[in-house]
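Residue numbers (the UniProt record's numbering): 1 to 409.
A virtual CB, placed ideally from N, CA and C, is assigned to each residue, including glycine.
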Amino acid sequence: MDIRSVCNIGIKKPDIPKELFKKWLEMVDSLTCVADVSYSLVVRAVSEKIEVVCTSKIDASKSLESELYSESVIREKSALYIENSLKDECCNSNNSDLTQIVGYYGEPLLWSDNSVFGAICIVDNKELILTDISKQLLGIFRGSIENSLRILELTHVDAVENHQSYNDKNKSIFISSMSHELRTPLNSIIGFTGLILNDIVGPISDLQRDYIQRVEKSGKHLLLLTTDIVEVLKIEVGVIIIKYEPFNLNVLAGEVVKIMEEEAHKKGLQLAVNIPNNIELYSDRIHLKQCLFNLISNAVKYSESGVINVTSECDEKLVKISISDNGIGISQNNLIRLYQPFERLESQLKEKVAGTGLGLYITQKLTREVLGGDVSCISKIDEGSTFTLNIPQHVENIHDIQNISKVSR
């Protein structure tokens with residue numbers, strides 16, 4: 001079977017953001033540590049060839065030694081396990097030039113239409129004994145990568161149109177299944193790594209502690225990424241639960257600030273809420289809380305000193321909620337890219353700050369499609385940023401949103 005036929009070369013797929021490649025690199029690094037192999041990698045099929053997307057091996061060019069094995073995974077769309085190629089007559093006769101690869105295990109990476117994106121694999125220069133934890137971790141990483149690909153498809157205009165043919169039941173089943181299948185093993189891995197790091201199962205060496213800490217960090221990040229992806233999928237395919245109800249804005253903002261207080265205090269930041277007690281809203285309380293959390297969380301992450309102010313004012317039927325910080329600021333060139341999925345803008349704090357690149361995208365989608373308003377940003381480098389939610393004070397049902405004049409659109 002030709003590689004082109006399993007990859008649907010004629011069908012345009014969305015580009016992969018560089019930020020995603022970096023996340024995948026974290027995965028293959030962790031996979032290499034846990035599996036205790038020479039290196040791990042993600043490859044993709046491009047036209048009639050295979051190229052390395054990311055690898056834990058320093059010399060990426062040598063990762064291409066695994067190309068023939070990965071080609072088989074991609075062509076057959078099935079996992080391939082080679083315990084010892086030196087003892088495998090088929091491997092020796094076909095791949096005599098691949099003597100540096102003794103052990104190999106790979107699984108295909110698929111787009112939502114079942115065409116092949118590429119493969120994720122582990123490679124060793126000795127006999128590969130595939131443990132359950134290594135296979136499970138690779139499977140989790142595979143699921144995370146595939147769901148990243150799905151969210152890219154859903155935010156791609158052509159793909160969105162194609163997905164309209166799915167019925168609501170299938171959408172709900174897919175999201176529920178994806179959420180359960182990824183979250184359950186991730187929570188298990190995070191739990192077990194916590195036990196190991198606390199020496200519950202016995203003492204570990206410094207090297208082992210370093211490896212386990214990497215796995216724990218990757219697991220927590222993937223859990224955050226999975227949660228964000230599930231939220232985006234719910235919005236994109238229209239299965240999000242919306243509930244409009246009365247609530248007090250000052251009380252709601254106080255709840256969010258209380259969640260972020262500990263993290264803010266650790267950085268020496270002050271959180272100040274200046275919202276009148278008499279602002280009552282009839283809107284989706286849960287999703288407004290999520291939007292406020294995303295914005296306040298970002299302000300805390302990207303500020304190293306100063307005060308984060310949460311303010312609000314009413315203007316006839318509209319409510320304006322602003323979150324201002326004294327952080328690093330955003331350049332004018334980057335402002336137009338703020339709300340792109342998986343987009344994390346370049347800054348001096350980027351490598352220090354954990355994130356999925358989906359928070360602002362989710363905030364904009366929820367503000368526009370659930371709350372009936374919009375989100376805007378004013379920012380200056382080294383001076384800080386102000387994000388503002390402009391939303392109607394009263395929305396009784398989703399149909400009202402179509403008749404509301406959008407602000408700052």
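In terms of residue numbering, what span does the beta strand (DSSP E) encompassing Ala272 cover?
The residue labelled residue 272 in the question sits at position 272 within the sequence shown. Counting along the chain, the beta strand (DSSP E) containing Ala272 begins and ends at 270 to 274.
Quick one: give me the first and last residue of the alpha helix (DSSP H) that Asp29 is part of.
For the purposes of this step, residue 29 is taken as the residue at position 29 of the sequence shown. That run of the alpha helix (DSSP H) goes 18 to 35.
For a test of the three-state rule: what should DSSP assign to Glu280, helix, strand or coil?
Taking the sequence shown and counting its residues from 1, one reaches residue 280 at position 280. Strand, per DSSP.
Taking 7 Å as the cut-off, decide whether the C-beta atoms of Leu360 and Tyr339 are in contact.
Along the sequence shown, one-based indexing puts residue 360 at 360. Along the sequence shown, one-based indexing puts residue 339 at 339. Yes.
Below 8 Å, can you find three or more Cβ-Cβ pairs linking the segment 388 to 398 to the segment 310 to 325?
Output reads yes: the segment 310 to 325 touches the segment 388 to 398.
Per DSSP, Arg44 forms a beta bridge with which residues?
Within the sequence shown, residue 44 is the residue found at index 44, counting from 1. Per DSSP, Glu51, Gly118.
Phe141 by DSSP, collapsed to three states: which one?
Numbered from its first residue, the sequence shown carries residue 141 at position 141. Correct three-state label for Phe141: helix.
Pull up the distance between the alpha-carbon of Asn84 and that of Ile241, whole angstroms please.
The count along the sequence shown starts at 1 and reaches residue 84 at position 84. The count along the sequence shown starts at 1 and reaches residue 241 at position 241. So the alpha carbons of these two residues sit roughly 51 Å apart.
With a threshold of 7 Å on Cβ separation, who are the neighbours of residue 413 within its own chain once the five nearest residues in sequence on each side are excluded?
Any property of residue 413 remains undetermined from this structure, which presents the chain solely from 1 to 409.
Note down the Cα distance separating Thr55 from Ile212, rounded to an integer number of angstroms.
Here residue 55 refers to the residue found at position 55 of the sequence shown. Here residue 212 refers to the residue found at position 212 of the sequence shown. So the alpha carbons of these two residues sit roughly 19 Å apart.
Report all residues from its chain with a CB closer than 6 Å to the CB of Gly106; omit the five preceding and five following residues, and keep chain order.
Residue mapping note: residue 106 aligns to position 106 of the sequence shown, counting from 1. Hits under 6 Å: Ser70, Val73, Leu80, Ala119, Cys121.
Give the C-beta separation of Gly384 and Asn326 to the nearest angstrom, bearing in mind that I take them to be a contact with Cβ-Cβ under 8 Å.
Taking the sequence shown and counting its residues from 1, the one referred to as residue 384 is at position 384. Taking the sequence shown and counting its residues from 1, the one referred to as residue 326 is at position 326. About 4 Å separates the two Cβ atoms, so the contact holds.
Determine the direct distance from the alpha carbon of Asp206 to that of Glu263, and round the result to whole angstroms.
On the sequence shown, position 263 is the one that residue 263 refers to. On the sequence shown, position 206 is the one that residue 206 refers to. Computed Cα separation, rounded: 28 Å.
Note down, one range per segment and in chain order, each alpha helix (DSSP H) of at least 4 residues found wholly within the segment 279 to 343.
The qualifying runs are 285 to 301, 332 to 335.
Can you check which of these residues, Asn147, Thr193, Met260, is closest to Ile229 by C-alpha distance?
For the purposes of this step, residue 229 is taken as the residue at position 229 of the sequence shown. It is Asn147.
Assuming Leu371 and Ser283 form a contact by the criterion Cβ under 8 Å, report the distance between their Cβ atoms to the nearest whole angstrom.
Within the sequence shown, the letter at position 371 stands for residue 371. Within the sequence shown, the letter at position 283 stands for residue 283. Indeed they touch by this definition, with Cβ atoms about 6 Å apart.
For the alpha helix (DSSP H) holding Gly254, just list the boundary residues, first then last.
Locating residue 254 in the sequence shown gives position 254, counting from the first residue. Its alpha helix (DSSP H) spans residues 249 to 266.
To which residues of the same chain is Ala60 closer than 7 Å at the C-beta, ignoring the five residues directly before and after it?
Start at 1 with the first residue of the sequence shown, and residue 60 comes out as number 60. Low per-residue confidence applies at Ala60: pLDDT is 49, beneath 50, and the placement is therefore not dependable, though the value from the model is reported in the following sentence. These residues qualify, in order along the chain: Val52.
Which stretch, first to last residue, makes up the alpha helix (DSSP H) that contains Glu369?
On the sequence shown, position 369 is the one that residue 369 refers to. Run containing Glu369: 359 to 369, per the alpha helix (DSSP H) assignment.
Give a yes or no on whether the C-beta atoms belonging to Ser134 and Val34 are separated by under 7 Å.
If you number the sequence shown from 1, residue 134 lands on position 134. If you number the sequence shown from 1, residue 34 lands on position 34. Against a cut-off of 7 Å, the Cβ pair of Val34 and Ser134 comes out as a contact.
From Cys314, Lys49, Arg214, pick the residue whose C-alpha is nearest to that of Glu26; which is it?
One-based indexing of the sequence shown puts residue 26 at position 26. Ranking Cys314, Lys49, Arg214 by Cα distance to Glu26 puts Arg214 first.
Which residues bound the beta strand (DSSP E) around Pro108?
Taking the sequence shown and counting its residues from 1, the one referred to as residue 108 is at position 108. 103 to 110 is the span of the beta strand (DSSP E), which, as asked, contains Pro108.
Would you tell me roughly how many angstroms separate the C-alpha atoms of Met1 and Gly373, rounded to the nearest one?
Here the question's residue 1 lines up with position 1 in the sequence shown. Here the question's residue 373 lines up with position 373 in the sequence shown. With a pLDDT of 48 at Met1, under the threshold of 50, the modelled position of that residue is not reliable, and the figure given next carries that caveat. Their backbone Cα atoms lie some 51 Å apart in a straight line.
Between the C-alpha atoms of Val257 and Thr227, what's the straight-line distance to the nearest angstrom?
As a working note, residue 257 is residue 257 in the sequence shown. As a working note, residue 227 is residue 227 in the sequence shown. Going from the Cα of Val257 to the Cα of Thr227 covers about 21 Å.
Quick check: Asn125 and Ser40, are their CB atoms within less than 7 Å of each other?
Taking the sequence shown and counting its residues from 1, the one referred to as residue 125 is at position 125. Taking the sequence shown and counting its residues from 1, the one referred to as residue 40 is at position 40. Taking 7 Å as the Cβ cut-off, Asn125 and Ser40 do not qualify as a contacting pair.
Could you say which of Asn248, Glu304, Phe247 lies nearest to Lys266 if we only look at CA atoms?
Against the sequence shown, residue 266 aligns to sequence position 266. Here the closest residue by C-alpha is Glu304.
How many whole angstroms separate the CB atoms of Val232 and Pro341, which I take to be in contact at a CB cut-off of 8 Å?
For this step, residue 232 is matched to residue 232 along the sequence shown. For this step, residue 341 is matched to residue 341 along the sequence shown. Yes, Val232 and Pro341 are in contact; Cβ-Cβ is about 7 Å, under 8 Å.
By how many angstroms is the C-alpha of Asp36 removed from the C-alpha of Met260?
As a working note, residue 260 is residue 260 in the sequence shown. As a working note, residue 36 is residue 36 in the sequence shown. Approximately 38 Å between the Cα atoms of the pair.
If I measure Cβ to Cβ from Glu127 and keep anything under 7 Å in the same chain, skipping five residues before and after, which residues do I get?
Translated into the one-based positions of the sequence shown, residue 127 becomes position 127. Once the five neighbours on either side are set aside, the close Cβ partners of Glu127 are Glu83, Asn84, Val102, Gly103.
How about Leu335 and Ile308: are their beta carbons less than 7 Å apart?
Mapped onto the sequence shown, residue 335 falls at position 335. Mapped onto the sequence shown, residue 308 falls at position 308. No, Cβ-Cβ distance for Leu335 and Ile308 is not below 7 Å.
Can you name the residues that DSSP bridges to Val123?
The residue labelled residue 123 in the question sits at position 123 within the sequence shown. Looking at the DSSP assignment, Val123 forms a beta bridge with Tyr39, Tyr104.
Less than 8 Å between C-beta atoms, sequence neighbours within five positions excluded: which residues of the same chain meet that for Tyr244?
Translated into positions along the sequence shown, residue 244 becomes position 244. Closer than 8 Å at Cβ, skipping near neighbours: Tyr282, Ser283, Asp284, Val395, Glu396, Asn397.
Taking 6 Å as the limit between beta carbons, can you name the residues of its chain near Ser324, skipping five residues before and five after?
Here residue 324 is taken as the residue at index 324 of the sequence shown, counted from 1. Excluding residues within five positions, the ones whose Cβ falls inside 6 Å are Asn309, Thr386.
In whole angstroms, give me the CA-to-CA distance for Ile235 and Glu19.
Indexing the sequence shown from 1 puts residue 235 at position 235. Indexing the sequence shown from 1 puts residue 19 at position 19. If I take the Cα positions, the gap works out to 22 Å.
Looking at the unbroken beta strand (DSSP E) that takes in Leu389, where does it start and where does it end?
Position 389 of the sequence shown, counting from 1, holds the residue named residue 389. 384 to 392 is the span of the beta strand (DSSP E), which, as asked, contains Leu389.
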